[in-house]
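One structure below.
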Amino acid sequence: MLCQLHPLEINPKTGEPFLRLGAPYQNIILTPPRQGDQSALIQHMNDPAIYRWLNKPPVPFLLEHADARLQFVKGESDATLEFLRKSAQDFPDGPLQFVDACPVRYLREVKEDGTDVLLGDVGFRRWKQTQEDDAKKQAGDPTIQYAIGDWLAVSHHGKGIMTAAIGLLMTAWAIPRMGVRYVVAHTLAGNIGSDRVLEKNGFVNIGVFYNKKIAGGEGKFLTFLEWRHEEVSINET
Ligand SMILES: CC(C)(COP(=O)(O)OP(=O)(O)OC[C@H]1O[C@@H](n2cnc3c(N)ncnc32)[C@H](O)[C@@H]1OP(=O)(O)O)[C@@H](O)C(=O)NCCC(=O)NCCS
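Numbering-wise, the sequence shown is residues 11 to 247 according to the numbering used here.
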């Protein structure tokens, strides 16, 4: 039977699917969110070096916020995995089915004793501005527009981890399993690290514009970046 979770690996002890980053980051994996991630989320979401660059997170970030966040991202991941497991029965000989989310999004550092520590999050969602039109579209529709968001524990900034994680998610999952062809990112102007991570993954920096609506009426300058999938013709290679 074709494994509809391809190319995710499965942890033989826990049964949890995961993606492992390539060298030199093999000790970092992407997994589904877990019940129990609340305390690490609270720790990082209350770090000004993270929340100052995010779009209106609650400050302080309390247990109720962590619970709500986890319920949302874990629910999405669980539903995607459930759909793929059912698809394995419905389409035992393939083809691989498209989905509209990535079930693995939480970065974790695996320690020598096998335990792991939550380091960050990277996820795709349908872009708000086009959500109404896109809601009717089937997963895998190449005209769906996505937005990307991420954060990483400050202890691990500047080592190339998020650049590698986004590259892996795009090539291993977003492009082949979600059919993603267009992604936008809005970073707060001056978030050079975030812009660089995206640029290194093929996003084009369109420029800075003023957005009045953000932060409950307080306007902000945002950098707009976009990524388009380049169809490579076999004849051109
Ligand atoms: C954005 C973020 C996820 C990047 O993760 P990361 O793993 O540290 O990023 P990487 O190490 O892969 O790459 C960072 C790049 O930005 C560069 N950079 C970082 N801060 C910089 C600064 N102040 N000035 C210039 N370049 C900077 C690094 O040099 C590196 O580029 P290089 O490889 O060309 O040298 C992380 O900084 C973070 O969590 N920030 C707070 C939350 C956030 O901004 N989320 C994004 C919201 S849109």
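Every residue gets a Cβ at the ideal spot worked out from N, C-alpha and C, and that includes glycine.
Since this is a predicted model, take the numbers as computed values, not measurements.
To the nearest angstrom, report how far apart L91 and V164 are at their CA atoms.
30 Å
Proximity winner among E240, I52, E74, relative to F213 (alpha-carbon distances):
E240
Taking DSSP as the reference, what is the three-state secondary structure of D100?
helix
For D160, collect the residues of the same chain with a Cβ closer than 8 Å to its Cβ; drop the 5 residues on either side in sequence, then sort them by chain order.
G130, D131, V132, G133, M172, A175, I176, S204, V207
With which residues is L117 paired in a DSSP beta bridge?
L40, G130
Starting from G203 and walking both ways along the beta strand (DSSP E), at which residues does that stretch end?
Careful: G203 lies outside any beta strand (DSSP E), inside the alpha helix (DSSP H) at 202–210.
Note down, one range per segment and in chain order, each alpha helix (DSSP H) of at least 4 residues found wholly within the segment 160–205.
171–179, 185–188
With distances taken between CB atoms, is the gap from G187 to F108 smaller than 8 Å?
Residue 187 is actually Arg in this sequence, not Gly. Yes, the pair counts as a contact, with Cβ atoms nearer than the cut-off.
Would you mind sorting T197 into buried or exposed? The rule is 16 or more other CB atoms within 10 Å of its CB.
buried
Is any heavy atom of ligand 1 found at a distance shorter than 7 Å from the C-beta of I38?
no
Which word fits R79, buried or exposed, when buried means at least 16 other C-beta atoms lie within 10 angstroms of its C-beta?
buried
Touch test, the segment 38–52 against the segment 113–126, Cβ-Cβ under 8 Å, three pairs minimum:
yes
What are the uninterrupted segments assigned as alpha helix (DSSP H) that are 4 or more residues long and contained completely in the segment 35–83, given in chain order?
48–55, 58–61
Tell me the rounded alpha-carbon separation between L178 and R30.
9 Å
Put K230 into one of helix, strand or coil per three-state DSSP.
strand
Does the separation of the CB atoms of Y192 and Q155 fall below 8 Å?
yes
Pick from Q14, G168, L117, N37 that is closest to A50, judged by C-alpha positions:
L117
Report, in whole angstroms, the separation of the C-beta atoms of V190 and A184, which I expect to be a contact under 8 Å.
4 Å
Closer than 8 Å by C-beta to K222: which residues in its own chain qualify, once you throw out the five before and the five after it? Chain order, please.
G229
8 Å Cβ cutoff met for V194 and A145
no
For the candidate residues F28, W63, Y220, whose alpha-carbon lies nearest to that of L18?
F28
Among E74, H167, E122, which one has its Cα closest to the Cα of D57?
H167
Based on DSSP bridge pairs, tell me the residues matched to Q27.
It is worth fixing the name first, because residue 27 is Pro in this sequence and not Gln. Answer is I20.
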